[in-house]
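What follows is a set of notes on a single structure, which appears directly below.
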Amino acid sequence: MFSKVLIANRGEIACRIIRTARRLGIRTVAVYSEADAGALHVEQADEAYLIGPAPARQSYLNSEQVLAAAQRSGAEAIHPGYGFLSENAVFALACLRAGLIWIGPPPEAIRRMGSKGDAKQVMVDAGVPVVPGYHGLDQHPEVLLQAARTIGFPVLIKPFAAGGGKGMRVVRDPGQFHDALAASRREASSGFGDDRVLLEKYLNRPRHVEIQVFADRHGQCVSLFERDCSIQRRHQKVIEEAPAPDLDPATRRRMGAVAVQAARAIDYVGAGTIEFLLADTGEFYFMEMNTRLQVEHPVTELVTGLDLVEWQFLVAAGGPLPATEDDLALRGHAIECRLYAEDPANEFLPQSGRLDHLSFPASSNHVRVDSGVRPGDQISIHYDPMIAKIAVWDNDRPAAVRRLRQALNETRVVGLATNAQFLDAIAAHPAFQAGDINTQFIDRHRGDLLPEPGLASDEVLTLATLGVLLDRAQRTRAEAALSADPFSPWALSDGWRLNDVAHDLIAFRDGATERQVRVIYRRASYVIDLLDGTPGGERDAWGELLADGTLEAEIAGVRLHATLVWRGHEVTLFHPGGCHRLVLVDVLAEAVGHEVAAGHLTAPMPGKVTAVLVEIGTTVTAGQPLLVLEAMKMEHTIRAPAAGTIAELRYGPGDQVEDGAELIVFAAE
Ligand code: ADP
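Taking the working numbering, the leading residue of the sequence shown gets 701, the next gets one more, and so forth.
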């Protein structure tokens, strides 16, 4: 076995490879771009080398720099992870020529599977069933159209050199064929520098079932069973599981045998994946082979108990496979989902920026989190916006689905929009739970999976209010402890007034709606009355706010818990039913998490001023709207903290403001 490996990758997969290397006593070398100087994989590796600026082309895809780092560090082997250089046959060959061990298949096998069209021909020759279609070299549009008619519509146009779903077009009607072909070619030639396309029969609601294969240099090749990756959005995997729901053992055996036959046909060595489409007739067809470790390999590890990266190391070092097919067995059920920084409410637009708050469920025999980021890290525009892979295991599929939902509920991200709730909506869907899945699942159930964001439930609003009250009480106690007269009634935050009932009004912005809550202070509790809630719905509430934001509450006699994460005036409340974001608009009272100094009104978060509603010298009443700020796609109204006059206006409409910027100077009466 080699003693030092360079990992030509970043993020979660680099961290995951480091984990196994460390367990096996192999020293690790990371490479990183300028954007990743502070990244987790750099911190975790034994040594790390800067290989270039942020754009991947100049760093993670820069073979010379990667090889130079290998040489300088004295690494004996290179693990490419997935993506980047992992399926680059020229790079694999360059590694071998430089005297390094390439932790991947022979460059020739990569090359032969690198083009979908050529790969299909190889598989046809090897007797592997392929999706009916055309992958010929005559690329004249009329020839292609004729081929499409022979195949029968709908057809799928796919670039020869494909990946990431780029350039794929479904054509349902011959009249649209030429337009779709032209569009596909444009994308293919700009994305891959090769505008050749192949045609396939577009299968109706197939499942994507792939087989993990492993081969060594001694003629052994085994199937490590299947993964079902049917839950896809725009032909990209979102949730993967093993085993495939309701796959009969005979089909599993046949798929495994055909996958091994396919791998043998190209003298494969190492970890590889044969992707099949499984039709509802039970027939399956080769789609493509990925000549590397897959993103979704953890589900296979969870159901086989193996470490695939360890196997990769062993095979690359020339050793035999550690197990034969007879030794291998499936145990239980595993599901993985990909947590992305993306906004489902906005066409899944990738998000970049800071992960202000990030916490994952604790790892256990049932939960595995593969991530390459920490709280406070940036999701960069330069790379894939995946935050983590969350994988769960249990004895059977229903139990695994429950684990998945629980793990998602315990996954908390504040600062960037994520697909966490979308993933949970899939896991919660009756069709998913029944195992009724295929590649059209997300499109078919779109309405159920992307519900319009609703208002906070009464329970959530009550919890948020209680969180605000307890937080205020804590602050006042802390301030009083520091003040000259800690027992002064002025130091109480219980709504105590000289001549008034002890009550208060708190307001939140919930999406575009303002929601008001009346609070009555009791000796040892609060009475919380949601003014827009059920009439007469006052609830007695009490609880404890822990330092980590956990709220242990008792509301109308029921014990509940939630977690509150503050960001300026914005609070994200994570509760057993999901999460909800609210903005505290109550600037009449002291703002939580953000000091509003008397007479100075500051921006609760970075944003843009959209309206100034007053002028210098305007006299205002307490609570009067003064300025509107747009931030986080929401409007925030800055209101007068008391009656007074506007002394200064620091910003005008259209101005960008920083978090905490002083917006208005105000002279209280
Ligand atoms: P890429 O390599 O770009 O990801 P693939 O060839 O792996 O593209 O296909 C991605 C997904 O597209 C598949 O998992 C499947 O959902 C869908 N797909 C591909 N070929 C077909 C087909 N012939 N019929 C129906 N769906 C297909």
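All residues carry an ideal CB built from backbone N, CA and C; glycine is no exception.
Between residue i and the ligand ADP, is there a pair consisting of the residue's CB and a ligand heavy atom that are separated by less than 7 Å?
i, result
"Leu899", "no"
"Thr1162", "no"
"Val831", "yes"
"Gly1352", "no"
"Gly1018", "no"
"Lys1308", "no"
"Thr1272", "no"
"Tyr902", "yes"
"Leu977", "yes"
"Glu996", "no"
"Gly1076", "no"
"Glu988", "yes"
"Lys866", "yes"
"Gln912", "no"
"Leu856", "yes"
"Gln821", "no"
"Pro943", "no"
"His1145", "no"
"Thr1139", "yes"
"Gln932", "yes"
"Gly725", "no"
"Gly863", "yes"
"Pro906", "yes"
"His1336", "no"
"His835", "no"
"His935", "yes"
So, using beta-carbon positions, are residue i and residue j closer together than 8 Å?
i, j, result
"Arg934", "Pro998", "no"
"Phe1366", "Leu1284", "no"
"Phe877", "Leu903", "no"
"Tyr1083", "Arg710", "yes"
"Leu978", "Ile1035", "no"
"Gln1012", "Gly970", "yes"
"Ser733", "Ser759", "yes"
"Gly972", "Met989", "yes"
"Val922", "Leu1014", "no"
"Ala754", "Ala735", "yes"
"Ala768", "Val705", "no"
"Ser930", "Phe791", "no"
"Thr1302", "Glu1362", "yes"
"Tyr985", "Val822", "no"
Can you look up residue i in the DSSP assignment and give me helix, strand or coil?
i, result
"Thr1162", "helix"
"Cys715", "helix"
"Glu983", "coil"
"Met868", "coil"
"Val1168", "helix"
"Ser815", "coil"
"Leu1251", "strand"
"His741", "helix"
"Phe784", "coil"
"Arg1068", "strand"
"Met1086", "strand"
"Pro1381", "The question about residue 1381 has no answer, for the chain in this structure spans 701 to 1369."
With distances taken Cα to Cα, identify the nearest neighbour of residue i among the options.
i, options, result
"Ser1071", "Val729, Leu740, Leu706, Tyr732", "Leu740"
"Phe1060", "Asn1109, Thr1139, Ile1079, Asp736", "Asn1109"
"Glu1315", "His1261, Ala1247, Gly875, Ala1347", "Ala1347"
"Asp894", "Gly817, Tyr968, Leu947", "Gly817"
"Asn1065", "Ala1128, Pro841, Trp1093", "Trp1093"
"Arg1239", "Leu881, Ala1247, Val1217", "Val1217"
"Ala1045", "Ala1181, Pro806, Glu1152, Val843", "Glu1152"
"Glu1042", "Thr1234, Gly781, Val922, Gln1121", "Gln1121"
"Ala882", "Leu1329, Gly867, Pro806", "Gly867"
"Arg1031", "Glu1001, Gln1051, Gly1019, Phe1048", "Glu1001"
"Arg1038", "Gln961, Glu1025, Glu940", "Glu940"
"Val1113", "Asp1232, Leu1251, Thr1272, Asp967", "Thr1272"
"Arg927", "Asn1138, Arg885, Leu724", "Asn1138"
"Gly752", "Gly1344, Ser1063, Val742, Val731", "Val731"
"Leu691", "Phe914, Thr1111, Val830", "The structure shown does not extend to residue 691, since the chain spans only 701 to 1369, so no value can be given for it."
Cβ pair count under 8 Å reaching 3, the stretch 837–857 against the stretch 894–905: These segments touch.
Cβ contact check for the stretch 905–914 and the stretch 1089–1101: 3 or more pairs under 8 Å: In short, these stretches do not touch, since the Cβ pair count stays below three.
Sufficient close CB pairs (3 or more, under 8 Å) joining the stretch 944–955 to the stretch 797–814: No contact exists between the stretch 944–955 and the stretch 797–814.
Three or more C-beta pairs below 8 Å linking the stretch 1311–1327 and the stretch 1265–1274: Output reads no: the stretch 1265–1274 does not touch the stretch 1311–1327.
Three-pair Cβ contact test at 8 Å for the stretch 1074–1091 versus the stretch 1125–1137: A contact between stretches requires three or more CB pairs, one per stretch, nearer than 8 Å, and the stretch 1074–1091 fails this requirement with the stretch 1125–1137.
Inter-stretch contact (C-beta, 8 Å, three-pair minimum) for the stretch 868–877 and the stretch 813–829: They do not touch, by the three-pair rule.
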